Amino acid sequence: MNIIEAENLSKRFGQLVAVVQVSLSVTEGEIFGFLGPNGAGKTTTINILCTLLRPTSGTALVNGYDIIRQRNQVRSSIGLVFQDPTLDEYLTGEQNLRFHAYAYNVPQSVRERRIGELLELVGLSDRRKSKVRTYSGGMKRRLELARGLLHHPRVLFLDEPTLGLDPQTRRHIWEYIHTLRQQERLTIFLTTHYMDEAENCDRIAIIDYGRIVALATPDNHKDSLGGDLVTLKAEDNEAAVLELKERYNLSPEIQNGVVSFCVPQGEKFLPDFVRGFRSHLLSISVRRPTLDDVFLRLTGRAIREQEADSMGQMRAMIRSKR
Amino acid sequence: MEEVFRGTWVVAYRELLRFVQERSRMLSSFGMPVLFFIIFGAGFNQIIGTLTPGVDFIKFIYPGIVAMTVLMTSVFSGLSVVWDREFGFLKEVLVAPLSRTGIVLGKATGGATVATIQGSMMLVLAPIIGIALTPILVIKVVPLLIIISLSLSGLGILVASRMRSQQGFHVVVQLIVFPLIFLSGIFFPVNNVPVWLQIISKVNPLTYGVDAIRQIFLGSDSAPVRGAIGNSTPVIGITVFGHTMTVLEDVMVIAILGVVMILAATWSFNKQE
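Encoded structure:
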């Protein structure tokens with residue numbers, strides 16, 4: 000059964016078209032990732048699916064409910080962790096969870112037990128009576144994760160769940176996510192622009208300028224490049240490219256003074272190639288392609304280049320200062 | 000309907016939780032009204048006695064100060080909406096399965112409860128200036144404070160629904176809401192001021208809230224007041240087109256204001272998010 004079914008979702012803000020004809024379906028129990036640079040339309044799509052924004056056109060069903068006509072049923076079916084914190088910092092962790100339980104009508108008989116269990120799961124039991132103001136960034140994120148799960152949602156939406164967190168906390172959060180999926184049979188829909196994080200997903204939609212440009216499992220994405228990625232530096236890169244094209248029938252590219260191309264079974268290809276290649280080689284390496292390579296091939300840009308854009312940096316800084 | 004009700008109580012519950020935990024807020028909203036009370040009441044009591052013939056100026060101004068406490072606290076309760084938006088918590092509320100109307104009603108109820116508590120606390124000053132604080136008086140005043148504070152909380156939320164920053168909220172409150180409060184007859188009898196000021200004050204719906212409180216507090220004293228200095232313009236009870244408003248009519252005006260404000264705030268909220 001498809002727990003999320005989106006058809007031709009589009010959203011425009013005045014002149015700006017943020018999301019263009021996005022169609023996707025997510026099966027129950029899946030971890031579905033949205034990968035793309037900042038401003039690609041990831042958050043807008045999530046906001047549409049969780050009823051915070053109305054699409055300009057198109058429609059979607061979440062847990063069988065229409066996101067426009069059955070907003071409150073959709074809201075009851077989903078849990079959310081946003082990019083920016085949405086906690087009441089002047090209340091304690093426990094009070095934040097209790098507010099959520101009231102708002103989502105969690106039955107009184109299970110409420111306190113559920114709050115206790117979730118605080119245990121995210122490792123905040125000992126801080127439950129402290130004001131959220133005193134929590135670290137990672138603790139806040141964990142509390143939000145616990146809160147998003149409190150009302151037994153069928154789908155958990157995570158918008159950049161580990162943005163601005165240290166690697167150790169990021170790893171912990173991913174451990175929770177995997178545990179949760181097993182314990183709660185939960186579907187997880189997340190956005191990220193971290194490649195290593197995207198590797199955790201069952202399927203990944205790569206989104207750029209509001210469009211889905213590819214949708215597949217991480218391995219299939221990498222296979223789409225046609226095998227392993229060979230990068231080399233030659234004394235004369237231009238000549239090397241020409242030779243690769245003519246003698247080996249490959250389609251190499253030069254970027255930042257490095258020639259790269261893909262071949263099936265790179266390890267086996269390499270020894271003969273090095274012996275037979277006429278251009279003078281300075282260095283050569285072979286590796287499995289990463290999702291970054293896939294993104295680069297699909298869009299002509301690396302995601303990492305985008306990351307350095309000033310707005311994103313500023314926002315991350317402001318967030319970390321709060 | 001269940002979603003409206005749940006929205007109201009969940010949101011109001013949190014407002015009150017916050018209020019109980021931040022006691023400093025309680026003190027801050029007393030500061031200004033008490034200051035005005037001392038300056039105008041004690042300071043000018045001797046000089047401007049002629050403004051309110053038949054009533055001590057300090058007795059005249061006291062119900063106005065109670066009203067002012069309620070008005071200011073209610074309007075500023077809207078600030079919590081801006082605050083929640085700035086700190087992100089508003090999103091948590093908006094994605095919950097609650098009705099928008101319920102959320103607005105909850106904010107208004109929460110703000111009104113706080114304002115009513117603060118206004119009621121001002122009542123302890125009554126005996127000091129010689130107004131007997133009888134149970135009947137309290138039973139009459141408190142419901143009135145509730146109606147006024149609900150209406151004004153609605154106004155605060157309406158302003159807040161359009162504001163992205165706390166500074167913006169303060170600017171609007173200072174430009175629109177403070178004049179409304181100061182021209183509502185808190186400090187002067189509306190019937191005894193120049194015509195242009197009378198017109199502004201009588202168009203201002205808050206005037207009727209202040210007048211209702213004053214009539215309840217000073218009602219028994221108001222008989223000698225009428226016509227005390229030859230002409231028959233009463234100090235208490237607003238005269239509109241020759242008709243002197245009763246408490247009930249005053250309450251009607253303020254209740255209608257409240258309904259309009261809350262409907263407008265809900266509409267504005269629905270449109271924005």
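Protein sequence lines, in the order shown, are assigned to chains A and B. Residue numbering for the first sequence follows numbering that gives the first Met the number 0, beginning at 0 and increasing consecutively. Residue numbering for the second sequence follows numbering that gives the first Met the number 0, beginning at 0 and increasing consecutively. All C-beta atoms in this analysis are idealised placements derived from N, C-alpha and C, irrespective of residue type, glycine included. Computed from a predicted structure; not experimentally measured.
Check, Outcome
"Might you give, ordered along the chain, the residues of its own chain that have their beta carbon closer than 7 Å to the beta carbon of THR265/B, omitting 5 neighbours on each side?", "ARG99, THR100, VAL103"
"Would you mind telling me which residues of chain B sit closer than 8 Å to LEU185/A, beta carbon to beta carbon, in chain order?", "What LEU185/A touches in chain B: nothing, since even the nearest Cβ is about 17 Å away."
"Beta-carbon separation of ILE261/B and GLY153/B under 7 Å?", "yes"
"Answer with yes or no whether the minimum CB distance from ALA102/A to chain B is below 7 Å.", "yes"
"According to a CB-to-CB cut-off of less than 7 Å, which residues of the stretch 153-176 of chain B neighbour chain A?", "none"
"Does the Cβ-Cβ distance between ARG191/A and ARG202/A come in under 7 Å?", "Before going on, a small fix: residue 191/A reads as Thr here, not Arg. No; because the gap between Cβ atoms is not below 7 Å, this pair is not in contact."
"So the alpha helix (DSSP H) GLU245/A belongs to, where does it begin and stop?", "236-247"
"Checking contacts by CB at 7 Å: is GLU91/B closer than that to chain A?", "yes"
"At least one CB of chain B closer than 7 Å to the CB of THR230/A: is that the case?", "no"
"Please tell me whether THR85/A has its Cβ less than 7 Å away from any Cβ of chain B.", "yes"
"Less than 7 Å between CB atoms is the rule here; does ASN46/A satisfy it with respect to chain B?", "no"
"Tell me, please, whether the CB atom of LEU15/A is closer than 7 Å to any CB atom in chain B?", "no"
"Give the list of continuous alpha helix (DSSP H) stretches no shorter than 4 residues that lie fully inside the stretch 85-133 of chain A.", "92-102, 107-120"
"With 7 Å set as the bound, which would you pick, yes or no: does the beta-carbon of LEU118/A sit closer than that to a beta-carbon of chain B?", "no"
"To the nearest angstrom, report how far apart LEU15/A and VAL10/B are at their CA atoms.", "35 Å"
"If the cut-off is 9 Å on Cβ atoms, which residues from the stretch 67-97 of chain B count as contacting chain A, listed in chain order?", "ASP83, PHE86, GLY87, PHE88, LEU89, LYS90, GLU91, VAL92, LEU93, VAL94, ALA95, PRO96, LEU97"
"Taking DSSP as the reference, what is the three-state secondary structure of GLY28/A?", "coil"
"Would you kindly check if the distance between the Cβ of VAL18/A and the Cβ of LEU34/A is under 7 Å?", "no"
"Could you check what DSSP says for ILE130/B in three-state terms: helix, strand or coil?", "coil"
"Buried or exposed: which applies to LYS270/B, given that a residue is buried once 16 or more other Cβ atoms fall within 10 Å of its Cβ?", "exposed"
"What residues in the stretch 71-82 of chain A have a beta carbon less than 7 Å from any beta carbon of chain B?", "ASN71, ARG74, SER75, LEU79, PHE81"
"For ALA204/A and SER73/B, what's the separation of their Cα atoms in angstroms?", "48 Å"
"Is the beta carbon of VAL69/B less than 7 Å from the beta carbon of ALA107/B?", "no"
"Taking THR50/A as the query, report the chain B residues whose CB atoms sit under 8 Å from its CB, ordered along the chain.", "VAL94"
"What would DSSP say about HIS151/A, mapped onto helix, strand or coil?", "coil"
"Since THR230/A is in the beta strand (DSSP E), which residue starts that stretch and which ends it?", "227-233"
"Which residues of the stretch 10-24 of chain B have a Cβ closer than 9 Å to any Cβ of chain A? Give them in chain order.", "VAL10, TYR12, ARG13, LEU16, ARG17, GLN20, GLU21"
"Kindly indicate the opening and closing residues of the alpha helix (DSSP H) around ASP265/A.", "For clarity, residue 265/A is Gly in the given sequence; the question names Asp instead. Taken as a continuous stretch (DSSP letters only), the alpha helix (DSSP H) holding GLY265/A covers 265-275."
"Grouping DSSP H, G and I as helix and E and B as strand, with all else coil, what is TYR207/B?", "helix"
"Can the beta-carbon of ILE127/B be found less than 7 Å from the beta-carbon of TYR61/B?", "no"
"Using only the alpha-carbon positions, how far apart do LEU175/B and VAL252/B sit?", "Note that residue 175/B is Ile in the sequence shown, not Leu. Looking at the two C-alpha atoms, the distance is approximately 19 Å."
"Using a Cβ-Cβ cut-off of 7 Å, state whether PHE156/A counts as contacting chain B.", "no"
"Are at least three pairs of beta-carbons, each pair with one atom in the stretch 83-98 of chain A and one in the stretch 76-88 of chain B, less than 8 Å apart?", "yes"
"Which residues does DSSP pair with TYR64/A in a beta bridge?", "VAL61/A"
"Give the DSSP-derived three-state secondary structure of SER319/A in the structure shown.", "Interpretation of SER319/A is limited by its pLDDT of 46, a score under 50 that renders its predicted location unreliable; no figure is taken from the coordinates."
"Between which residues of its own chain and ALA222/B is the CB-CB distance below 8 Å, once the five residues before and five after are set aside?", "Only weak support is given to the placement of ALA222/B: the predicted model assigns it a pLDDT of 44, under 50, and the value that follows is read from those uncertain coordinates. Closer than 8 Å at the Cβ level, and outside the excluded window around ALA222/B, lies no residue."
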